[in-house]
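Numbering (full-length UniProt numbering), first residue to last: 1 to 545.
Here the structure is laid out as structure tokens; the discussion comes afterwards.
Next comes the structure, spelled out in structure tokens:
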């Protein structure tokens, strides 16, 4: 949702350029929404300063403009440019005097590890282009070395033909929806049919890291470390660790499972001074995390021997963010896909890790069409009811395609989520909390026999440990409930992002809600939350400053 919201943040400037000039000049001050170096389209009600700092991109704007013009010999100057801000990249769209548009994409610090992220995305696009018929971006130039004259990694591409699916979705006809979903699924079918010798990310064979981390693929390509943000801590409070982070590649499932645990260990603070003391106690101590990750190693190695997991573990490449904003379609016929963009962080994973992924345009509706039609809520318009039906049909079409046309995904989607979640959360425990990971182990233990698993579950907590966990899990659930409430009331998302035009209004509303929660706790009107609990568990920090 985060990147979806941010994808709407677009700024445009027409540039008057003297005859002697070929490139636009940046106008001060930096509060200018088109200022290319800083993030200007939103703020955060949680860790705002850090979030904006992570999205600053320092580069030589004039050099970038020169590079764009050098790639387009038929153009003599840039007429204007637009700035688009996503969750992970700065995108500039240049309009040239020959009527063509060129896209420059520069990664922010949260996009992933330096050099690896850009090299992998370009290599993945090239690999997909050479091994499938899926339409991908036409790359004009790229660099994974920030020491270049532009001063940043970059990808420069031709502007994609067609329109974003999210722009056409509301105006499509009935049959077009299911046919469009089928078209998207056929791209997934081609990707899932590709075979790989290992888990990791795709790179060019001359990628800038040690050859011991390269597993040969087809000519010109290799599989190297995962560059997904899941494996790399890119917060402002952590320094980049380079290739010392355990991120693969892994030749088999046992190595993959061990790698997840090692990656989780690598994210733990080395000293107590690095621990954020504002974190609620249910996040757990470093020692608790170490013990849990040691347990995760045993549990994951046990799970990979189970037929349900083993049969759904084929190394599989799928698009990491296959949503309507990243699918371009023909404006005349939106069932025809003209391009899939944004292959950043797409990697080769065990098929079962994709089992629960559903594109936003194929997500099941919250209510059935019948429930939506019978609803008496005044906000439910005829268009709302129509889109509820569209969501239902699209979801059904997606499920049918997964089962009928993609054997890997049919098997993967049959795996119970209780078996999958320990793999998904073992390397993110420090971010998500010890309580969250421990609960996954408890759920697995309680359902071990029901899931048809062989042997006994390695996790058997003592009554004292269970009682302590239950108390901590109550606090964890309180935070989730609070966050969901705030997301709805403030119209934000799980990160607390707010459009810049709503920032001051949302800040005031957030402060009022927080003050009301404190007052309610002081008066004892909510027995489940004391004033101390409110202060400790409140999920967003802006109201506390």
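In this text, a Cβ means the ideal position worked out from N, Cα and C, and glycines have one as well.
Using the C-alpha atoms, what's the distance from residue j back to residue i?
i	j	result
residue 299	residue 454	12 Å
residue 114	residue 226	12 Å
residue 521	residue 538	13 Å
residue 310	residue 304	6 Å
residue 530	residue 524	7 Å
residue 348	residue 532	45 Å
residue 237	residue 102	Residue placement at residue 237 cannot be trusted, given a pLDDT of 42 that sits under 50; the coordinates are not used to answer.
residue 276	residue 94	42 Å
residue 346	residue 321	8 Å
residue 199	residue 249	6 Å
residue 541	residue 527	23 Å
residue 400	residue 452	26 Å
residue 301	residue 212	25 Å
residue 29	residue 35	Its pLDDT being 48, under 50, residue 29 is placed unreliably by the model, and nothing is read from it.
residue 287	residue 294	11 Å
residue 392	residue 364	6 Å
residue 170	residue 535	42 Å
residue 7	residue 497	For residue 7, the pLDDT reaches just 38, beneath the cut-off of 50, and the residue's location in the model is therefore unreliable, leaving the point undetermined.
residue 350	residue 491	35 Å
residue 148	residue 77	22 Å
residue 178	residue 389	12 Å
residue 260	residue 342	25 Å
residue 546	residue 160	Outside the shown range of the chain, which is 1 to 545, sits residue 546, and nothing can be said about it.
residue 432	residue 74	52 Å
What is the residue span of the alpha helix (DSSP H) that residue i lies within?
i	result
residue 425	417-425
residue 358	First-last for residue 358: undefined, no H or E at that position.
residue 38	Run containing residue 38: none; DSSP gives neither H nor E here.
residue 407	407-412
residue 506	503-522
residue 430	429-432
residue 68	61-70
residue 54	48-54
Please state whether the Cβ-Cβ distance between residue i and residue j is less than 7 Å.
i	j	result
residue 475	residue 282	yes
residue 425	residue 440	yes
residue 408	residue 316	yes
residue 352	residue 420	yes
residue 176	residue 335	yes
residue 81	residue 96	no
residue 108	residue 45	no
residue 313	residue 217	no
residue 121	residue 344	yes
residue 142	residue 268	no
residue 151	residue 88	no
residue 194	residue 324	no
residue 484	residue 444	no
residue 264	residue 427	yes
residue 139	residue 190	no
residue 398	residue 434	no
residue 415	residue 306	no
Report buried or exposed for residue i, applying the criterion of at least 16 other Cβ atoms within 10 angstroms of its Cβ.
i	result
residue 64	buried
residue 544	exposed
residue 105	buried
residue 500	exposed
residue 413	buried
residue 239	Bear in mind that the predicted position of residue 239 carries a pLDDT of just 43, short of 50, making it unreliable; the figure below should be weighed with that in mind. Exposed: under 16 other Cβ atoms inside 10 Å.
residue 220	exposed
residue 381	exposed
residue 284	buried
residue 279	exposed
residue 297	buried
residue 119	buried
residue 174	exposed
residue 508	exposed
residue 512	exposed
residue 99	exposed
Using a Cβ cut-off of 7 Å (strictly closer), state whether residue i contacts chain D.
i	result
residue 496	Although the question refers to chain D, the structure presented lacks it and comprises just one protein chain.
If you follow the beta strand (DSSP E) that residue i is part of, which residue opens it and which one closes it?
i	result
residue 464	Element bounds for residue 464: not the beta strand (DSSP E) but the alpha helix (DSSP H), 463-490.
residue 530	Here residue 530 belongs to no beta strand (DSSP E), and DSSP marks it neither H nor E.
residue 85	78-85
residue 304	From DSSP, residue 304 is part of no beta strand (DSSP E); its letter is neither H nor E.
residue 91	89-96
residue 158	154-158
residue 340	337-340
residue 349	348-350
residue 498	497-499
Quick check: is any heavy atom of the ligand COA less than 6 Å from the C-beta of residue i?
i	result
residue 293	This structure lacks the ligand COA, and indeed carries no ligand of any kind.
### Query
What residue ranges within the segment 168-248 form continuous beta strand (DSSP E) runs of no fewer than 3 residues, ordered along the chain?
As far as the segment 168-248 is concerned, its whole beta strand (DSSP E) runs of at least 3 residues are 201-204 and 221-224.
### Task
At 3 residues or longer, and completely inside the segment 102-145: list those beta strand (DSSP E) runs for me, N to C.
Assignment of beta strand (DSSP E) within the segment 102-145, counting only whole runs of 3 or more residues, yields 139-143 in chain order.
### Query
Which whole runs of the alpha helix (DSSP H) in the segment 250-328 are 4 residues long or more, in chain order?
Within the segment 250-328, the runs of alpha helix (DSSP H) that reach at least 4 residues and sit entirely inside it are, in chain order, 253-266, 286-303 and 307-310.
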